Each structure stands twice: as structure tokens, then as C-alpha cells.
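There are 2 protein chains.
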Amino acid sequence: MQIINNPKKSEWTSILKRPTQTVDDIEGVVNEIFIDVSKNGHNAVKKYTSKFDGILLESNSVALEEIKAAIRQVPQKLQNAIKQAKANIETFHIAQKTSKIEIETAVGVKCWQEKRPIQKVGLYIPGGTAPLFSTVLMLAVPAQIAGCKEIVLCSPPNTKGELAPEILFAAQLCGVTKIIKVGGIQAIAGLTFGTESIPKVYKIFGPGNQFVTVAKQLATKYGVAIDMPAGPSELLVFADDTANASYVASDLLSQAEHGIDSQVILVSTSKSLIDKVSKEVTKQLGVLPRRAIAEKAIANSKLIYVETDDLALELIDEYGPEHYIICCKNEDLYIDNINNAGSVFIGHYTPESAGDYASGTNHTLPTNGFSKAYSGVNLDSFMKSITFQKISKEGILNIGETIELMAEAEGLQAHKNAVSIRLKDLKP
Amino acid sequence: MQIINNPKKSEWTSILKRPTQTVDDIEGVVNEIFIDVSKNGHNAVKKYTSKFDGILLESNSVALEEIKAAIRQVPQKLQNAIKQAKANIETFHIAQKTSKIEIETAVGVKCWQEKRPIQKVGLYIPGGTAPLFSTVLMLAVPAQIAGCKEIVLCSPPNTKGELAPEILFAAQLCGVTKIIKVGGIQAIAGLTFGTESIPKVYKIFGPGNQFVTVAKQLATKYGVAIDMPAGPSELLVFADDTANASYVASDLLSQAEHGIDSQVILVSTSKSLIDKVSKEVTKQLGVLPRRAIAEKAIANSKLIYVETDDLALELIDEYGPEHYIICCKNEDLYIDNINNAGSVFIGHYTPESAGDYASGTNHTLPTNGFSKAYSGVNLDSFMKSITFQKISKEGILNIGETIELMAEAEGLQAHKNAVSIRLKDLKP
């Protein structure tokens, strides 16, 4: 890990730069598959699943028997762990329910705001060597609490045409209404246009590789909403002398093992802590099974010493980390004065992996500095707010002239007329 | 207007089709201007302002004297109207404030969610013949309530290099921190990359023509968030025999005058009402100053008769209107059973133009069926929610094993280690 002492502000941008992603060159492929799926539906999806996942599936829907078999395959201890995690996620997301907001803005002018569930949502769960079933919990639990009617899960099959039993177990536990064995660009295209087996949805959630990310962005051009643009995972730790260096090192490594383009940063006002953490990282790295990956990510990563709390806070806000760990004496300073972060982990016994699995917060979070404008996935991500207004005769008499004046000044006579025609009846 | 009787469900999609927009062919221009502005900053912006707006501006910042002069130019009556509208919008958006949500998901595991303002926002206000100052209120008022630090307004200058006085008046009234005379693609590019005079922002709001819309979508590729994809305005009215046909006609026309691609739809369970409204539209259309525009929009529009309330509701939900007026006996049925709409107007004295200006609800709403997944602009649009967690020793003992089991099953050993290393110290 690179140690940086007291960087000048003019250097921050280059120091805090995320590992680059190239997007343009894969847009062509993504476009092509979208057009094919929009025209040829299931047949196109089948073709790409055979090409990319190495399995020709006549039907890609998951049958009830497959789910039952999967449940038997997941060890009881893991089932219980998943259930505890689910319960905590549920508790936190149920607490996010908001009630109707109702107010009379002027006498006779009643306005209210209500949230209603997005009726059809698609959840994308990546495949690969390890099944990321925790993401099923993070997306399906709030979708179910929100009241989404169709909760469609897509995940790429292995070469035997199967999904991991843990994914199926989590999906049935959390109220997913349809599970489909399809991944990659063809999954996102299927959810965008609908096929014989994949329902068209209104919003697509979930992480994925660069192809999936570009596909999700393309989906928005076809009128489908997405949770957020996804990028490689990242963690920023602020720690001072009171922190435990081996704990901090273990947290940095937990993010570094995600991928070679993950980024971890330690910001500290203590040179000695930086020194200790650096040594601990090297020590702990040696025994990791995903060492090869973590090592490359660590090579990209930085230990930054700054002289004052003010500078530290400014730098953290400039970075806008996805995950932000606070391990220092004056916690409140580092909680209250931060504007940009996805999820925050406070104190010595709050490892970032707690939020990945079981504390109850959501782990689908804004990366790449998007925390400056985006929230992580939460209950509201599965709902939209609708406004309502009901105006009485008295109400329109109260605000009618204001509407007339403003509409006229904007040159919109028909807007004015809609009020005048009513006022004429009320003030004969 | 085309009258359609009892359409089959299989025909709904084609009947409810929005006037088409082509997007692909303007992407090239938008891309080019983005690259130029990212490289050449103010000089590029100056060039495009000269080219598209016909005025060469050495400086595009609005000076304090210009604002003062503008205030003198806006008639006192209009100033008062704008102030009343602002007060109502403020009342409704302040009511949307939510407080911190805090909960202990398991003993010793404290999780909370807090909303914090997006620090830098850009508001785009279109130019053209009529100054849309009402949109300034709709965007700047919630931005100020949210606590956004930099509120940057961009709007294209006229050929004299000026902005409409009403826009300047509204901007200073609502706490805009910087006003810049720049419009079109170059404005969105400026807000995306920042120039010598335009600050780089985190989220861009506001309506615009197709060029602005495509530019906003391109901005998202560079990490800037946007409020929502915008399309032509639209209105769906449900009315039965109890409705006043001339009121309904005036509402339909108020949307139709926006542009030739606006769409207005009447759904009714009463053939006689459809007949009366059709006649009223023709009558009222004759005297409109924007008749040429409204006439073309009306030609695209439909009066649809359906036999039952259930069919009506299903059809409305399928369309997902931006504006939805309910004028019927059984209002609650049409309020409670709708899932997809931007803003809803209820009763005989609630014209859609009330929401455009002064009732207090926001008029920046999802068009093109996006109400299926998107909210209209509201207070939360200017904030993001951050989650926090603090776990005690007891807490990590409670959920530690669950995290270990799940991390291991996902093949993420370093995630597990971050917990094990702590548990080892606590359970020696």
C-alpha cells in the first residue's frame, strides 16, 4: 500500500482517483444483444445463454421442484444464519416506512403525498464461482415490504443449467415471485423488453460486471428505471491512535478481496497507526485464499496521513466513499460533518462485513463517488411518491388569481382559461 | 379528437402510445459538444451560445445589478402572485421533511438512516418565447429547504444576452446561489464538467427540449445524477356524468397547448359526457392564442369510452399518466386503486394548472409512463439517505457467527476474518 504524507489539496483528485473503467468499447455488444432480444425474445436469450454460460436451456424458468431440492441442499446452520440476517434486514427496512403526508397549503387547498409500490421489479444476482445470495436478501426483502407485486429474479446458470441452492433458498424465503436462469446482458434485455419467459419490469436492481452495468444504463433509454450505476467496491477508513491496527487491516482486506479494481483507503491523523496498519495488511494478506485478487487491489490503495481533522473531513467528503468506517476517539465529529457516504460503520466492533450481511442495513450502495447524489438501496427505492390535490370552491377562489397571473405571464392562455372558466361560475 | 368505444385490451398498447420521439440521431451532436466543453471549458460554451442563442457573451454570470433591475421590471401584482405560489410550494415541501430513523435490529446492533442534502445542484430552466419562471420555484424551493449549499441556475439568454426578469426575480426569491446565462447542451455539459464560470454539480434538474434531455442522459455517464428523463407533457382525465364538460375541456386544452407532441386523454364511462367534451374542446379551441399548437396535440389525442370502472382503472394504470384528473362521483375508487401517476387532481375545482403553479405540489413530474417507476420531484430529490451502524461487543457476539457463515458460503474469507479477528478477542 502506498503511504502518502500530507498531500496538497491540488493532488487530491489524482490521489483519490478510482481505478479506471472503460465503457465505450462494450456498448456495441450491449446494443446488439438488446436489439436481438427485443426482436427475437426467448430464442435470442437462449442463444446468448448457450454462448456465454455454456448451457442450452429450452426453458429458463425455475420449477418448484428445483426450489424444494435446493432447500434440502443448504445446511441447516447456514439456513439459520440467512434467516437471522433476513430478520435484521426486515426490521431496519420496515422502520423506513413513511406515512401519508397531508397538508392544507392555503384554505381550501388540500395537498398530500403517498408512496405506492413499483408494481414490477427485476432483481439481478450475479453468478460466478461464489453465489452472492446475500444480495437476494438485500433486494427482495425491501421489495416485499414495499408491496411490489411481481418480484422477478434473474441469475446466470452454471454449465449444468443450475442456480446455486443458496440463491434459490434465499429467493423463496424473501417472496421472489419468479426465478429465471438467465444472466448478463441478455437478462437485462429480457427484463427491459419482456420475452416469452421473462416478464418486462419497471425497474431493475442489482450489481453486476461491466457488461451488466452498461446494459442497465441502456435499459434506461427504453424507459426502465435502475437502482444506480454500479462500480467496483470501495472502502475508506478513518482511524486515529485509538484504533486497533489489526482490526483496521482486516476491514481493508475484506473490501480488497472483492476484485482487483476494488479500492481501499485509510485516512489517519496518526503516522504510527498508518505504519502499524501497513504491516498488519501484509501479514494478514499472506493467508487469504483470494490473496491474488486482494494483493492487486491493495497495490492500488492508499494510506493517507493528514494533519488535522478538518482536512481529513474535507478529503473524505471529496471522495464520497461507498463504505466509510470511523474508528476514532471523537466519533461524532466524523459522523456529523460528513455529507457524502453510502453506509457508515462506527466503532471498533463494527466491521464493514456486518453491513454486507447481517446488521440490517442495505449493502447495495453508491460507488465511484455517486454517494454525492445517490442513496443506497432502501425501502423507497421500491416505491414512488405520488402527489394529490383537492381544491374546494373556496380554495380556487383563494389561489385562482395567482394561477391566472402566472399562466398569463408564461404565455399559457389555456392554463389560465381552465381557472377563469371556474371562477366565472363562482363569482358571477 | 378521436373517439374510441370500448377498445379491446389487445388494442390498448397502440391506443395509448405516446407521440414518438427520436433520440439516436441527436446523440452525435450532444457527444461532440460534451467533449468540446470538457476540453475547452468557457471558450467552448461561449462558442455554442453564440451559435445557438445568437449572442456572444464574454461573461455569462448574472451580476447583482441585473437582478436588481429585473425586480423593478416585474409588475407588483405578478410579484405577489409568485410569492403566494412560493409560500404554498414551501408549505407542502417542508411537510415532506423526514426525521432520522433509528432502530436496534438485534441487541447491540444499532442501525439508523439519515438524509443529508446534495451539496451542489444544477437547475435548468428553458428559455424560448415565454419565460418558465414557475419551474424556478418548483426546483429552487425544495433545494433550499433540503439545504443544498450550491444552487446553480442555468437558462439560455435572449439575443440581447438577457434572461427574463421573472426568472431572475424568482431565482433571487428562492435562494439560488448562482445564475448563469447558458442554455442547451452546453449548459448541461458545463454543469457536468465545470468551466471557469459554471460550477460542476452532483445532480441536474429541470425540463428541456430533446437536446437537453439527451444531454442530461449523457451527463449520467460522467457520474452526474439527473432528476428523471423528461418527455412531452400529458394529461389523462377520468370523468363520468357528474363532471362539467366545459371544465374538462378546458383542462384537456391546458395540456394540449404545451406542444404539438403533448398528449391528452379522456377516459369515461359516459358516452354522453364524451360527446359534450368533444364539442366543448372544439368551441374553446377557437379562441386560444396557441391554437395552432393545441390543435395539433388535440389531433393526437383520444376520448375513450369504457364500460366498467375496473376496465377504466386498468387502462389508466397501464398508461401511467403524468397528470391525472379525477372528476366523478366515486372519487375514492379512482384514488385508491391507481398505482401509476405523477400528480393527481381531484374534483371539479382542481384544474391541472393549479398544480402547475400554486397549489403547492411539484410540477416536475414523470412523463412517458415513467410514473410506473419514478416519483415526481420532491424534497427527497435534493437529498440522499445515508445508513449508519454501530455495533457493541455484545452486538458482534450476537450476529458474528451469522456473518462468518454467510461470508464463508459466499467464498469471501477476508469478510469472515474481519469478524473472526474481533470475536477471538471477545471469546478468548
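First to last, the protein sequences are chains A and B.
Residue numbering for the first sequence follows full-length UniProt numbering, beginning at 1 and increasing consecutively.
Residue numbering for the second sequence follows full-length UniProt numbering, beginning at 1 and increasing consecutively.
Don't be surprised by glycine CBs; every beta carbon is placed ideally from N, CA and C.
Note that the coordinates shown come from a computational prediction; the quantities given were computed from them, not determined experimentally.
Chain-order list of residues whose beta-carbon lies under 8 Å from that of A:I399 (same chain, five-residue window excluded): A106, V109 and I391
For B:V212, report the span of its alpha helix (DSSP H) as first-last. Q210 to K221
Ordered list of alpha helix (DSSP H) runs contained in the stretch 333-377 of chain A, each at least 4 residues: 352-357
Just to confirm my understanding: we take B:L313, look at its own chain, exclude 5 residues before and 5 after, and list those with CB closer than 6 Å. What are they? N337
Looking at the unbroken alpha helix (DSSP H) that takes in A:Q324, where does it start and where does it end? A small fix is needed here, since residue 324 of chain A is Tyr in this sequence, not Gln. Residue range H323 to C327 is occupied by the beta strand (DSSP E) that includes A:Y324, with no alpha helix (DSSP H) assigned at that position.
Burial state of B:I82, where buried means 16 or more other Cβ atoms lie within 10 Å: Label assigned to B:I82: buried.
Beta strand (DSSP E) containing A:G122: first to last residue? In the DSSP assignment, A:G122 falls within the unbroken beta strand (DSSP E) covering K120 to Y124.
B:K77 classed as buried or exposed, judged by whether at least 16 other C-beta atoms fall within 10 angstroms: B:K77 comes out exposed.
Say whether the stretch 37-55 of chain B touches the stretch 169-188 of chain B, bearing in mind that this needs 3 or more beta-carbon pairs closer than 8 Å, one atom from each stretch. yes
In terms of residues, what are the limits of the beta strand (DSSP E) holding B:P142? Careful: B:P142 lies outside any beta strand (DSSP E), inside the alpha helix (DSSP H) at F133 to A146.
Count the CB pairs spanning the stretch 225-242 of chain A and the stretch 355-374 of chain A that are closer than 8 Å, and state whether there are at least three. Flag = yes, the stretch 225-242 of chain A and the stretch 355-374 of chain A touch.
Top-ranked residue by Cα proximity to B:K271, from B:I304, B:S250 and B:D251: Its Cα nearest to that of B:K271, the residue B:I304 stands out among B:I304, B:S250 and B:D251.
Cβ-heavy atom distance between B:T387 and the ligand MG below 8 Å? Looking for the ligand MG in the displayed structure turns up nothing, as the structure carries no ligands at all.
Is there a Cβ from chain B that is less than 9 Å from the Cβ of A:I101? At least one CB of chain B lies nearer than 9 Å to the CB of A:I101.
9 Å Cβ cutoff met for A:A249 and A:E280: Yes, the Cβ-Cβ distance between A:A249 and A:E280 is below 9 Å.
B:D380: which of B:E104, B:K203, B:D25 and B:D241 sits nearest, CA to CA? Of B:E104, B:K203, B:D25 and B:D241, the residue nearest in Cα terms is B:K203.
So with CB distances below 8 Å, who are the chain A contacts of B:C328? Within 8 Å Cβ-Cβ: nothing; B:C328 doesn't reach chain A, min ~13 Å.
Classification of A:K120 by the beta-carbon crowding that lies within 10 angstroms, buried from 16 upward: The residue in question, A:K120, is buried, as its Cβ has 16 or more Cβ neighbours within 10 Å.
In angstroms, rounded to a whole number, what distance separates the CA positions of B:Q113 and A:I326? 16 Å
To the nearest angstrom, how far is the alpha carbon of B:I67 from that of A:I403? 24 Å
Under 8 Å by Cβ, that's how I've got A:E318 and A:L64 pegged, so tell me the actual separation to the nearest angstrom. At roughly 51 Å, the Cβ-Cβ gap does not stay under 8 Å, so A:E318 and A:L64 are not in contact.
If the cut is a Cβ gap below 9 Å, which residues of chain B does A:E352 touch? H415 and A418
Starting from A:Y305, trace the alpha helix (DSSP H) in both directions and tell me its first and last residue. Note, A:Y305: premise wrong, no alpha helix (DSSP H); beta strand (DSSP E) at K302 to Y305.
List the residues of chain A that B:Q144 touches, going by C-beta distances under 9 Å, in chain order. Simply none; closest approach about 16 Å.
Spatial distance of B:G41 from B:G128 (CA atoms): 25 Å
Let's see if you can read the secondary structure: which residues bound the alpha helix (DSSP H) around B:M383? No alpha helix (DSSP H) holds B:M383; the beta strand (DSSP E) holding it covers M383 to I391.
Buried or exposed: A:R422, going by 16 or more other Cβ atoms within 10 Å of its Cβ? buried
Going along the chain, which residues of the stretch 157-170 of chain A sit with their C-beta nearer than 8 Å to a C-beta in chain B? E166
Can you say whether A:A407 is buried or exposed, counting buried as having 16 or more other CB atoms within 10 angstroms of its CB? When all chains shown are included, A:A407 counts as buried.
B:T135 and B:I125: beta carbons closer than 9 Å? Yes. Within cutoff.
First and last residue of the alpha helix (DSSP H) that includes B:Q186? G184 to F193
Going by C-alpha to C-alpha distance, which of A:I118, A:S38 and A:I26 sits closest to A:K384? A:I118
Run through chain B and tell me which residues come within less than 7 Å of A:K178, C-beta to C-beta. Going along chain B, no residue has its Cβ under 7 Å from A:K178, so there is no contact; the nearest lies around 18 Å.
Thinking C-beta only, is A:D261 closer than 9 Å to A:P19? yes
Interface partners of A:S272 on chain B, CB under 9 Å: Near A:S272 there are no residues of chain B at all, since even the closest Cβ is about 20 Å away, more than 9 Å.
Would you say B:M138 lies against chain A (beta-carbon separation less than 9 Å)? Taking 9 Å as the threshold, the shortest C-beta distance from B:M138 to chain A does not fall below it.
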